[in-house]
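Chains as they are written, first to last, in this note's numbering: chain A, 1 to 386; chain B, 387 to 772; chain C, 773 to 924; chain D, 925 to 1076. Here a beta-carbon is modelled for each residue, glycine too, at the ideal position from N, C-alpha and C. If you're wondering where the values come from, they're calculated on a predicted model, not measured in any experiment. What follows is a single structure, written as structure tokens, with notes after it.
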Amino acid sequence: MKRKVAIVGAAQGKFGVREDASHRELAFEAVAGALKDAGITLKDVDSMVTAVAADEFSFALQPSAQMHDYLEFYPKANFRVEGACASGSMALRVGWMTVASGLADVVLVLGAEKMTEVSTPHATEIMGKGGDAIWEYPFGMSFPGYYAMIARAHMAAFGTTEEHLAMVAVKNHFYGSQNPLAHMPKEITLEQALNSFMVAYPLKLYDCSLITDGAAAVILASADRAKDFAKTPVWIEGIGTATDTMRIGDREKIHTLQATVVAAKEAYQRAGISPDEIDVATVHDCFTIAEICAYEDLGFCPKGEGGPFIQDRQTYIGGAIPVNVDGGLKSKGHPVGATGVAMAVEITKQLRGECGTRQVPNAEVGLTHNVGGNGQVVGVTIYRKD
Amino acid sequence: MKRKVAIVGAAQGKFGVREDASHRELAFEAVAGALKDAGITLKDVDSMVTAVAADEFSFALQPSAQMHDYLEFYPKANFRVEGACASGSMALRVGWMTVASGLADVVLVLGAEKMTEVSTPHATEIMGKGGDAIWEYPFGMSFPGYYAMIARAHMAAFGTTEEHLAMVAVKNHFYGSQNPLAHMPKEITLEQALNSFMVAYPLKLYDCSLITDGAAAVILASADRAKDFAKTPVWIEGIGTATDTMRIGDREKIHTLQATVVAAKEAYQRAGISPDEIDVATVHDCFTIAEICAYEDLGFCPKGEGGPFIQDRQTYIGGAIPVNVDGGLKSKGHPVGATGVAMAVEITKQLRGECGTRQVPNAEVGLTHNVGGNGQVVGVTIYRKD
Amino acid sequence: MEFKNFSLFIKHTKVGKTFAEALESGKVFGTQCEKCGRTFFPPRPECPDCLEEEMAYVEIPTKGTLLTFTAIFVPPAHYGISPPKMPFARVTQTPCPVGVVEVGNGLRVMGWIPDVDLKDLKVGDPFEVEARALRNGQLTIVLKPAGGNVPK
Amino acid sequence: MEFKNFSLFIKHTKVGKTFAEALESGKVFGTQCEKCGRTFFPPRPECPDCLEEEMAYVEIPTKGTLLTFTAIFVPPAHYGISPPKMPFARVTQTPCPVGVVEVGNGLRVMGWIPDVDLKDLKVGDPFEVEARALRNGQLTIVLKPAGGNVPK
Ligand SMILES: [Zn+2]
Ligand SMILES: [Zn+2]
């Protein structure tokens, strides 16, 4: 029934505090890069999907219209897909469906967010409303606050330590320092991480991802068309999507992102593989605790052993499974609507062997894991080199 | 390649200034109605898509998460689709793709907007940013303002009059008065319309749709499953989606919604029919001029003859093609994210023959036309009774 | 008082008035489905299992255990402080911890944890839930260590 | 001056500084692709046809015709008036019309139409585009009937 779908073009723009560029200008950089990567122009693209997380960041009722206008993609189809910080993966899912359902053969999936036009307290409010605006935001909950609650529960249940969290930050900054498109491409020490200022107890500055501007784009094609492009296709083998309760307190196990567990199960099943067959993964490390939960909830290590797993350097290149060797959200940055698409770009480039000093040798199967809010929606996608 | 997709359940909640209910409570009413209509529970639904137009109306970063949480639909998939006032039709498109691609067999498509928590000037700002926030909003442009510019261009090109516009309002209020779920279910006279206060020259109060709270839901099923439900399936025969420039001034012909022309052509082609085969239509009358443009751009009458077309009562029941006999956005109300889904509900009920005094006799083929912003994205969908 | 005294943003909800009035009178209300008996917190006017609006307001249990907590040092717009007006001065806000308590029946309640040092909080500790009307008109929920002497 | 003096919300864009400075000095800038020669208004730093950032700033033509117009009697938050403080009083704002002028090369320019009665405006009339710095610091664009004596 389903048609096979490949990624045939991929690019990420420079992430950072991009005071030099508007939302649409950031998008243009990424799309131009993806088109050049695929060796095509927009005339060859049939349809488009745009991921943007927040109207309030972009001062737009319909941010996707800015994009198809600025690219002069009209009159072809485009609209916005949103799943908070998982918007990019939801757009990838819709792009995949567009090809798989036969509506189009070549589809552009764009993710872009411009987060620094607003003040930091306002950005903190916008992200805080990623929780329940009625029943949680009145208690002053911020985005780091939700993950702090996950961290506290994880620590109580499994003995995870602040050092374990800091080790994730050190790894991701180590790899981010090798990624010229990263927001903060610099190494940090364990001491720096542990001594940084408190954001939401017990999460400190270096446990948190950044407020970042940026964009990323991929071009999808049907199996019939995938050979027509410049680069080797990377196939989307399995997509999983799952949801969880709005309120963090309502979850049976606060230390587990159940939507990750369910989405991963679906993705593995559709791809017909198990977690130990993954060669390289990008997981949603919006906070260091989130990466530790991801190790466990994706099945890379048993539940509760995420702390020792990073301590043993199992997620460095050369370990059991290299994770976030692009720097992750932590060091590469987290322009929320772009993040899921940027993960797909990284895995595409890893499977093609284009990642230089941070290339995972002989990577053939990759995984992206993208979380919306504090787990309300999760997308897991599995990719394989042709 | 494609799987056939049917609507097997449909419901709209009461539209209006719903100060009694929250966004999620409005959604619940519509979903409970659609489930009862289909004779199923949420356990029978595999996947969900939520249309909400504006974060700023709902004070939420991820309004769709409120919905799957409140319905306890987790851990099954749900995310948000947005195309401004066409969000509902874009969600219907994604719901269709979810079934057609084989990802799921039974899909809930929800549209909901809660517009009256914010003040009217703030609502006017939010909708005004449906135009270009950088290059148009600084000139004080409001949503009625954009359509006023379309009206002025239409009048200059074709001699369309303020009376023609008012006739659309009179028709839609006539039918809306027969729709108990309408926001303003009362008849108006031509004089009332012509003498109402100016909103954006030449559009007056009764040329404008309302600021409305409301929700609507449909349940889609694959052909294999469509027979399992309580009601006769209504088949989605063709979907068309197209876009246009962000800025109204950039369009070659300001009096034409080119995205409607292109989306309609695609929908007619996919359904294999021509405009004169449509028995009943809901078109996007966010303003009276928009309905006149829709007559023309959908091919119900030649370009420029929309004014005389309503003057001749061709869009009343008994005319060439009954349009918006549910009251339209004008009288039924326009909760922006819900509108496209509510249109699909109306056509489903018309094709089933459930519309009482405003039933179009022997309706077998229906059309919905849903515009985002002032034409930046348009969805046209064609339906046929089993 | 209005629901907005509790919710900050939202005025309109079917359960707001009753919930706010209960908070004002010192009670935390949930709802219970009159068909299937299931209880809900936060309160809601319809049962997602029965798809019906036959609900009664009930006081939720107040005794439970602390599931998790935090304290937000970098708060969102509504709870931040302004920069100091005095040159070279520094302003520091000590945040009030926030936690989630499980009170039985699967009900979880978020609330402020005033007058307790962050370092003294432990997941699993016995806690009590209490409605509270603040002097500034805000209605809210506080969580107190069980048996502790927390001044009002 | 900053681009935000023109744009209200947006500070960050590759073309903002040059565009705002041009407005301040009485010029309306577009951009032109150095590869294919296509001109753009609003200005943009890259050509969507060539996918390159090789653009030069150019003054756009200022003479053209009025394509459409309106006047917004119910304005959005930024342009509304406050309710009167005097009891029983009424406050009325007469809005300034807004229009779109085509200046050739397919370029369309939105701007205010000050000091002209709404009833005197006609689609197709000859118009001129002018940069304007307002007393309150706002930078904007005005559209003037060609040959008309519109006071500054
Ligand atoms: Zn029940
Ligand atoms: Zn060029």
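Nearest CB-CB separation between C:MET882 and chain A: below the 8 angstroms threshold. Exclusion of the five residues before and after A:GLU187 leaves HIS173, PHE174, SER177 as the residues of its chain whose Cβ lies within less than 7 angstroms of its Cβ.
Annotated as distal: A:LYS171 and A:TYR268, with beta-carbon spacing of 8 angstroms or more. For B:ALA498, the closest C-alpha among the options B:HIS508, B:ILE768, B:GLY474 is that of B:GLY474. Bridge pairing for B:VAL391: B:SER608 [DSSP]. For B:GLY419, the enclosing alpha helix (DSSP H) starts and ends at 409 to 424. Around the CB of B:LEU737, 16 or more other CB atoms lie within 10 Å, so the residue is classed as buried.
Relative to ligand 1, the beta carbon of B:ARG656 is positioned no closer than 7 angstroms to any heavy atom. For C:LYS807, the CB falls within less than 7 angstroms of some heavy atom of ligand 1. DSSP places A:LYS43 within a helical segment (H, G or I) once states are collapsed to three. The beta carbon of C:ARG810 sits closer than 7 angstroms to at least one heavy atom of ligand 1.
A:TYR383 is bridged by DSSP to A:ILE236, A:GLY366.
The segment 233 to 242 of chain A makes contact with the segment 373 to 382 of chain A, as at least three CB pairs between them are under 8 angstroms. At the C-beta level, A:VAL99 and A:VAL107 come within 8 angstroms of one another. Bounds of the alpha helix (DSSP H) holding B:MET453 are 449 to 456. By the Cβ criterion, the segment 137 to 157 of chain A is not in contact with the segment 449 to 468 of chain B, since fewer than three pairs of Cβ atoms, one from each stretch, lie closer than 8 angstroms.
Rounded to whole angstroms, the separation of the alpha carbons of D:THR937 and D:ARG962 is 20 angstroms.
Annotation: D:PRO1050 is outside any alpha helix (DSSP H); the continuous beta strand (DSSP E) that includes it extends over 1050 to 1057.
Neighbours of B:THR506 in chain A, taken as residues whose beta carbon is under 8 angstroms from its own, are absent, since the nearest beta carbon is some 16 angstroms off. Within chain B, the residues ARG404, GLU405, ASP406, ALA407, SER408, HIS409, GLU411, LYS500, THR502, GLU503, ASP599 have their CB atoms less than 9 angstroms from the CB of C:HIS784, given in chain order.
For a cut-off of 8 angstroms, the C-beta gap from A:ALA91 to A:VAL49 is around 5 angstroms, short enough to register as a contact. Taking non-hydrogen atoms of ligand 1 into account, the C-beta of B:ASP430 is found less than 7 angstroms away from none of them. Contact fails between the segment 746 to 756 of chain B and the segment 407 to 423 of chain B, because fewer than three Cβ pairs, one in each stretch, are under 8 angstroms apart. A Cβ-Cβ separation of about 5 angstroms places C:PRO820 in contact with B:GLU458 under the 8 angstroms criterion. Residue nearest to C:PRO867 within the set C:PHE845, C:VAL875, C:VAL901 is C:PHE845 (criterion: CA-CA distance).
At a cut-off of 7 angstroms, the beta-carbon of A:ASP279 does not count as near ligand 1: no heavy atom of the ligand is closer than that.
In this model, B:THR631 and B:SER433 are separated by some 33 angstroms (Cα to Cα). Remark: the shortest separation between the CB of B:CYS741 and any heavy atom of ligand 1 does not fall under 7 angstroms. Residue pairing from DSSP leaves A:LYS171 without any beta-bridge partner. Annotation: A:VAL261 to A:GLN376 spans about 12 angstroms, alpha carbon to alpha carbon. For D:GLN956, the enclosing beta strand (DSSP E) has its first and last residue at 953 to 957. Contact check for D:PRO985 against D:VAL939 fails: the beta carbons are separated by 8 angstroms or more. Taking 7 angstroms as the cut-off, the C-beta of B:ASP671 does not count as close to any heavy atom of ligand 1. Distances taken from the Cβ of B:CYS687 to the heavy atoms of ligand 2 include none shorter than 7 angstroms.
Rounded to whole angstroms, the gap between the alpha carbons of B:ILE597 and B:GLY726 is 15 angstroms. Within its own chain, the residues whose Cβ lies closer than 8 angstroms to the Cβ of D:LYS951, once the five positions on either side in sequence are excluded, are GLU983, ALA1055, listed in chain order.
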